[in-house]
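The numbering of the sequence shown is this note's numbering, which starts it at 511 and goes up by one. Written below as structure tokens is the structure these notes are about.
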Amino acid sequence: MSLKGNRPNVLAIVVPCYNESEIIETTIAALSEKLNELIAVGLASDSSFICFVDDGSSDETWGLIEKHADSGERVRGVKLAGNVGHQKALLSGLEYSAEKSDLVLTIDADLQDDLNVLEKMLEKYQAGAEIIFGVRNDRSTDSWLKKGTASLYYRLMEFFGVNTLKDHADFRLMAAKAVRALMSFPERNMYIRGVCVSMGFPCSIVYYGRQARIGGETKYTLSKMLSLGWDGITSFSVFPLRLISLLGVLFFLGALMVSLRIVYAHLFLDTTIPGWSSIVLPIFMLGGIQLLSLGVIGEYVAKIYMETKRRPRYLIDKIVGE
Ligand code: UDP
Ligand code: MG
């Protein structure tokens with residue numbers, strides 16, 4: 511296989527980790543083996559490395575990363591000052607690696623994504639793609655809750671007109687150029703997979719079957735999942751705000767028609783005894799809709815507030831293995 515440029519590419523593998531002490535050593539072993547294989551066949555340069563980002567773990571995760579980084583393996587570690595969440599941890603790893611590599615692969619620590627498609631991804635890169643998305647074509651190992659919420663979410667995204675790639679999480683190979691472009695997006699709360707799809711670089715897709723976690727439990731709690739989902743929608747769509755205006759117009763028209771009916775009844779019929787339900791029902795209904803609408807507007811205002819503070823996305827405590 512030919513190589514872009516006349517030397518093998520420096521490949522960086524970025525792995526965000528949060529409380530993964532149960533599995534981190536298995537992951538280090540598997541990724542190191544894969545990377546060594548690629549180097550041996552000339553698909554990656556000898557200066558390639560694996561960058562583990564410790565997202566403020568409270569267990570032994572960082573200690574184990576440090577141990578392997580110190581022992582002369584291709585392991586590097588970035589320790590964040592606190593838990594900032596998967597997306598920001600990923601960004602810190604991408605930012606760290608972009609200047610030191612030609613190509614960056616992002617993958618979860620639990621190895622649910624299939625490493626065997628890496629060669630195929632590299633092939634697509636050689637063929638000209640700058641971003642290669644790993645897309646799951648088999649989610650049978652996911653829980654019904656995860657599958658159900660995911661499918662509902664993609665439908666919602668479609669409805670809101672957001673450009674997404676169904677069943678792509680953050681298993682992705684990116685040219686350093688594309689990573690640097692990603693870094694030029696200034697938003698604090700970035701929905702990385704959404705931005706990657708919409709950047710416009712030549713892209714390609716590689717399909718794989720999602721495997722079960724190699725150990726431990728999911729670190730994506732329901733609240734973290736909901737927050738990621740909401741970030742995805744509000745980052746790319748103002749449709750929820752428009753929906754509120756639309757509801758307002760609908761209710762206004764409804765109210766207009768009811769008013770006409772009341773005036774008609776008052777003038778021409780003798781049946782204008784005020785009904786309890788026709789007064790009380792609209793109060794509750796309109797009250798509910800108003801509160802909901804205020805909530806949605808509030809969410810966007812909160813987002814503007816967080817963005818205007820321009821706080822750093824993450825703080826690095828230390829780096830090892832360089
Ligand atoms: N993760 C992280 N910070 C967090 C939560 C998760 O860095 O606050 C990492 C986690 O260690 C894993 C990846 O993000 O490498 C994906 O998490 P997980 O596998 O638990 O999510 P799931 O696959 O269940 O969606
Ligand atoms: Mg996982």
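Here a beta-carbon is modelled for each residue, glycine too, at the ideal position from N, C-alpha and C. Since the structure is predicted, the reported quantities are computational estimates derived from the model, not experimental observations.
Quick one: which unbroken alpha helix (DSSP H) runs of 4-plus residues sit fully inside the segment 607–692? Chain order, please. 628–636, 654–669
By DSSP, does F711 sit in helix, in strand, or in coil? coil
Are the Cβ atoms of L751 and V806 separated by less than 8 Å? yes
Using the beta-carbon count (16 or more within 10 Å), is H776 buried or exposed? exposed
Whose CA, out of L675, A722, N593, lies closest to the CA of D652? A722
May I have a chain-ordered list of the alpha helix (DSSP H) segments no shorter than 4 residues that lie completely inside the segment 537–600? 571–580
Shortest alpha-carbon distance to S745 belongs to which of T571, N647, V811, R586? V811
Using CA atoms only, rank isn't needed, just tell me which of V645, E640, G638, Q636 is closest to L625. V645
Can you tell me which residues fall inside 5 Å of ligand 2, judged by beta-carbon distance to its nearest heavy atom, and keep chain order? D618, D620, Q622
Between the alpha carbons of A599 and L801, how many angstroms are there, rounded? 35 Å
Mind reading off the beta-carbon distance from A522 to F559? Whole number of angstroms is fine, and I expect it under 8 Å. 6 Å
Buried/exposed call for V759, threshold 16 Cβ in 10 Å: exposed
In three-state terms, what does DSSP make of Y730? coil
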